[in-house]
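Colleague:
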Amino acid sequence: MMIPLITPRWTRRELLSRLMYGIAFSTLTGSLMMVTGCQQEPAVSTESPDSPAPGASVETVNASPLSARAFPPKPEGVFKIGLITPGSTQSDTAWSKQAYDGVQKVVAETGATMTPPIESPAAAEVEGALRNLAQDGNQLIFLHGSEYDAAAAAVAPSFPNTTFVVTGGRTEAPNLTPIRFEAGGATFLAGMVAGTMTKTGKIACVGASEIPIVKTSFENFTAGAKAVSPKVEVRVVFTGDEKDIAKAKQQTEALLADGVDVVQHNANDAGRGVAQAIEGKPKTYFMGANADQSDLATGQNLGSFILDVPNAFLAVGKRVAAGEGDGKSVSAGLAERAVYFQFNPRFAGVVPKFLKDKLVAAERDIIAGKVPLKK
Amino acid sequence: MILDATVITQTLAAATPVLLVATGAVFGERVGVINIGLEGLMVFGALTAVVVSVATGSPFLALLAAAGAGVLGAAVFAAFAIWLKRDQVIVGTTINFLAFGLTGVWYRAYLNGFGAGKTATELPDLIGQGAGGVDALTLLAFALVPAAHYLLFRTRLGLTIRATGEVPEAASAAGTQVNRLRALVTLFVGGLCGLGGAALSIGIANSFTEGITGGRGFVALAVVVFGRWNPVGAMGAALLFAAADVLQFTLQARNVWAGLPYPVFLAVPYVLTLVALAVRGAKGKSPAALGTAFEQG
């Protein structure tokens with residue numbers, strides 16, 4: 003009789019049992035890690051943008067600060083533009099779609115061609131994707147989100163002929179241009195609208211993850227609401243997933259059930275769930291984020307705070323196409339009309355005239371620097 | 029008061045997609061097939077439901093189509109995993125990749141084509157309305173549980189299914205066409221996954237987005253284990269998970285414990301379910317022949 007050399011410790015049945023429990027446990031703990039870790043932003047690179055990368059040429063290193071650190075030259079041959087976005091450029095009707103529209107606008111004006119966008123790359127893939135885009139001859143690359151700042155700062159020195167543009171970025175270099183949207187002014191105005199229109203005195207903000215850009219938008223929204231109605235209660239909630247429409251809808255329903263009647267979202271795709279919940283309930287109002295979202299919950303939609311991404315992209319794109327890129331950050335606030343609040347013209351209710359007047363006055367004050375905003 | 033009618037109907041709605049898929053998966057695993065691709069089959073169903081609902085205006089036709097899409101996806105799984113006897117875990121994983129890729133391409137084409145600017149017709153509520161409403165699919169999901177339990181433990185077919193998952197050789201000797209039965213059950217599971225996806229897309233969210241399922245197919249796999257491969261147990265686990273989710277919505281919405289960072293709230297369902305599993309202990313045994321191919325003699 004054959005005796006096996008190694009006696010198996012587990013029968014196959016036990017092994018499978020363990021495998022099933024393993025799947026169950028890893029699903030749960032994995033999800034747990036995702037929901038608890040998703041609000042973290044990658045660390046900001048503190049490295050000076052002027053420090054040369056290993057691949058930088060000797061001339062660049064020895065050159066005097068600005069005059070000889072060459073700005074990217076005027077693109078020759080086919081002018082190719084690349085784009086990296088955190089979400090789908092098709093179904094997320096605001097943030098990522100706007101970036102796509104922005105590049106299309108540059109294409110229309112400069113005759114450039116657009117490389118298919120890279121959507122929601124994993125954090126670890128961004129740098130590699132960026133290098134590939136630059137190596138493939140894209141002379142202008144837009145990175146749509148503050149989370150890409152470190153990757154762009156790391157890659158830019160190796161490709162002096164390519165201009166990198168980071169929405170919400172912080173690092174500047176001859177070929178690295180941040181676009182700084184000062185959305186605070188617009189979200190402050192949105193807060194004023196919500197604070198005036200609420201009947202119950204309870205309003206809310208629904209976000210997906212608490213990244214800095216969303217956090218400050220909600221803080222300024224709250225400040226705006228309190229400015230018109232100091233007693234108003236502002237509930238700030240997060241769902242943890244910018245694609246889980248069902249979750250955003252149920253979260254909003256829970257808010258409405260507790261008497262909240264105006265909801266500002268800043269949850270990208272999942273904002274559609276917020277609108278769904280509002281549509282099912284009369285006398286409640288929805289407010290859109292980042293783009294004109296009057297298509298969502300149209301009759302109950304008060305308006306949206308808007309970041310004019312396409313025009314900001316166009317301004318940078320034209321400069322780069324003409325060989326005039328200078329690496330200076332582009333500031334985009336209320337004063338430049340790059341951010342603003344827009345009432346929904348198809349709103350079924352009535353927005354009082356005094357509110358519109360108040361908004362015009364507040365906008366003036368914000369531009370004049372009389373209103374302290376969170377940045 | 030935390031517990032009110034809305035909280036209950038919300039819990040039922042949140043449990044529906046997971047419950048439909050888990051009920052199916054109980055049968056799938058009982059017959060000896062482990063399908064990791066449930067999430068992918070849900071995504072197929074979710075998108076099909078939206079497209080058909082927009083095209084025909086009938087949410088019930090959309091449900092049929094979603095179930096059909098799930099069956100089609102499951103047929104691919106059955107072809108590779110059962111007929112060609114490839115490793116079930118790997119085929120299931122492939123189904124997930126395939127589903128996410130295909131639905132992504134299809135959804136973009138649809139958005140830029142006839143779906144531009146159109147909204148799907150939502151599944152109507154049979155009881156109540158809005159947040160307090162219960163739709164037909166939720167009723168179906170919960171009605172299926174006792175039926176599934178009866179079928180599995182009180183009928184000859186149920187016995188055959190269980191025998192096939194435990195000792196396929198014996199089932200085969202008793203005259204069962206093991207692989208044919210496994211394939212049929214797999215298709216049935218696929219249909220339920222399609223419905224589970226539809227429960228999300230036209231039942232709750234009334235729209236689709238890439239990644240709409242948010243891991244619910246995998247949660248369903250976990251729910252089957254907690255329910256110890258029993259439909260009633262799976263229902264309990266699905267309800268527990270959904271209730272914990274709705275509880276955290278409510279806690280956040282009502283500003284209870286406002287000082288806590290929000291990830292603590294988001295973690296509530298996962299922590300509760302992990303605790304439940306730890307308390308229940310790992311006594312349950314999976315079907316003995318789970319995940320193994322069978323060579324018909």
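As you go down the protein sequences, you meet chains S and W in turn.
So for the first sequence, this note's numbering puts the first residue at 3; every next one is plus one.
So for the second sequence, this note's numbering puts the first residue at 29; every next one is plus one.
The beta-carbon is built from N, C-alpha and C at its ideal position, and this holds for glycine as well.
Fair warning: this is a prediction, and the values are worked out from it, not measured in the lab.
Just the Cα atoms here: how many angstroms apart are A43 of chain W and V247 of chain W?
Modeller: Rounded to the nearest angstrom, the two C-alpha atoms are 11 Å apart.
Colleague: For N283 of chain W, decide whether its Cβ has a neighbour in chain S, counting only Cβ atoms nearer than 8 Å.
Modeller: It does: the Cβ of N283 of chain W has a partner Cβ on chain S nearer than 8 Å.
Colleague: Quick one, which of S:F73, S:V105 and S:S231 has its alpha-carbon nearest T87 of chain S's?
Modeller: The option with the nearest alpha carbon to T87 of chain S is S:V105.
Colleague: Is it true that the CB of M194 of chain S sits closer than 8 Å to the CB of L298 of chain S?
Modeller: Contact flag unset, no.
Colleague: Apply the 10 Å Cβ neighbour rule to Y135 of chain W and answer buried if 16 or more other Cβ atoms are within range, or exposed otherwise.
Modeller: Buried, since its Cβ has 16 or more Cβ neighbours within 10 Å.
Colleague: Alpha carbon to alpha carbon, how far is V80 of chain S from T131 of chain W? Give it in angstroms, no decimals.
Modeller: Approximately 33 Å between the Cα atoms of the pair.
Colleague: Relative to the alpha-carbon of G120 of chain W, which residue among W:A306, W:K146 and W:V61 has its alpha-carbon at the smallest distance?
Modeller: Closest option to G120 of chain W, Cα to Cα, is W:V61.
Colleague: Since K377 of chain S is in the beta strand (DSSP E), which residue starts that stretch and which ends it?
Modeller: Premise fails: K377 of chain S is in no beta strand (DSSP E) and is neither H nor E.
Colleague: Closest to A259 of chain S by C-alpha separation, out of W:A281, W:W285 and W:L288, would be which residue?
Modeller: The option with the nearest alpha carbon to A259 of chain S is W:A281.
Colleague: Enumerate in chain order the residues of its own chain whose CB-to-CB distance from D224 of chain S is below 8 Å, with the five nearest sequence positions on each side excluded.
Modeller: Rather than Asp, the amino acid found at residue 224 of chain S in this sequence is Thr. The residues are G193, C207, V236 and V238.
Colleague: Please name the residue or residues paired with R182 of chain S in a DSSP beta bridge.
Modeller: Beta-bridge pairing links R182 of chain S to S:S333.
Colleague: Return the CA-CA distance between A363 of chain S and L165 of chain W, expressed in angstroms with no decimal places.
Modeller: When rounded, the distance between both Cα atoms is 51 Å.
Colleague: If contact is defined by three or more beta carbon pairs under 8 Å, each pair taking one atom from either stretch, is the region 252-270 of chain W in contact with the region 97-107 of chain W?
Modeller: Counting Cβ pairs under 8 Å, fewer than three are found: no touch.
Colleague: Measure from the alpha carbon of A291 of chain S to the alpha carbon of each residue in S:G275, S:V264 and S:L309, then state which is nearest.
Modeller: The candidate whose alpha carbon is nearest that of A291 of chain S is S:L309.
Colleague: Rounding to the nearest angstrom, what Cα-Cα distance links Q100 of chain S and F269 of chain W in this structure?
Modeller: If you take the alpha carbons of Q100 of chain S and F269 of chain W, they lie about 36 Å apart.
Colleague: Answer yes or no: does any C-beta atom of chain S fall closer than 8 Å to that of T278 of chain W?
Modeller: With 8 Å as the cut-off, T278 of chain W counts as an interface residue toward chain S.
Colleague: In three-state DSSP terms, what is V46 of chain S?
Modeller: Its pLDDT being 38, under 50, V46 of chain S is placed unreliably by the model, and nothing is read from it.
Colleague: For D273 of chain W, which three-state DSSP category applies?
Modeller: In this structure, D273 of chain W counts as helix in the three-state DSSP scheme.
Colleague: Measure the C-alpha to C-alpha separation of R133 of chain S and A126 of chain S and round it to an integer number of angstroms.
Modeller: About 13 Å.
Colleague: At 3 residues or longer, what runs of the beta strand (DSSP E) sit wholly inside the region 155-202 of chain S?
Modeller: Entirely contained in the region 155-202 of chain S, the beta strand (DSSP E) runs reaching 3 residues are, in chain order, 165-169 and 178-183.
Colleague: Select from W:L318, W:Y178 and W:G261 the residue whose C-alpha is nearest the C-alpha of R210 of chain W.
Modeller: Answer by Cα proximity: W:L318.
Colleague: For the alpha helix (DSSP H) holding D103 of chain S, just list the boundary residues, first then last.
Modeller: Per DSSP, D103 of chain S belongs to the alpha helix (DSSP H) from W97 to T112.
Colleague: Kindly give me the distance between the Cβ atoms of N234 of chain W and A148 of chain W, rounded to whole angstroms, as I take these residues to be in contact under 8 Å.
Modeller: Indeed, because the Cβ distance is near 6 Å, the residues count as touching under 8 Å.
Colleague: For T183 of chain W, does the count of other Cβ atoms within 10 angstroms reach 16, so buried, or fall short, so exposed?
Modeller: That one is exposed.
Colleague: On the premise that F307 of chain S lies in contact with A185 of chain S, defined as a C-beta separation below 8 Å, what is that separation, rounded to the nearest angstrom?
Modeller: So it is a contact: roughly 7 Å between Cβ atoms.
Colleague: In the DSSP assignment, find the beta strand (DSSP E) that holds V341 of chain S and state where it starts and stops.
Modeller: Residues V341 to F345.
Colleague: Using a Cβ-Cβ cutoff of less than 7 Å, which residues in the same chain neighbour L151 of chain W once the five nearest sequence positions on both sides are dropped?
Modeller: For L151 of chain W, where only same-chain residues beyond five positions count, the Cβ hits under 7 Å are P87, D163, A164, L165, I230 and G231.
Colleague: Under DSSP, the beta strand (DSSP E) around H267 of chain S begins and ends at which residues?
Modeller: Per DSSP, H267 of chain S belongs to the beta strand (DSSP E) from V264 to N268.
Colleague: On the DSSP bridge list, what partners appear for T34 of chain W?
Modeller: BP columns for T34 of chain W are empty, so no partner.
Colleague: At a CB-CB cut-off below 9 Å, which residues of chain S make contact with Y178 of chain W?
Modeller: Here the premise fails: no neighbours, minimum Cβ distance about 24 Å.
Colleague: Does the structure place the region 319-339 of chain S close enough to the region 103-121 of chain S that three or more beta carbon pairs sit under 8 Å?
Modeller: Yes, the region 103-121 of chain S is in contact with the region 319-339 of chain S.
Colleague: How would you call G129 of chain W, buried or exposed, if buried means at least 16 neighbouring beta carbons within 10 angstroms?
Modeller: By the 10 Å Cβ count, G129 of chain W comes out exposed.
Colleague: Can you give me the C-alpha to C-alpha distance between L257 of chain S and M199 of chain S, rounded to a whole angstrom?
Modeller: Distance between the alpha carbons of L257 of chain S and M199 of chain S: 17 Å.
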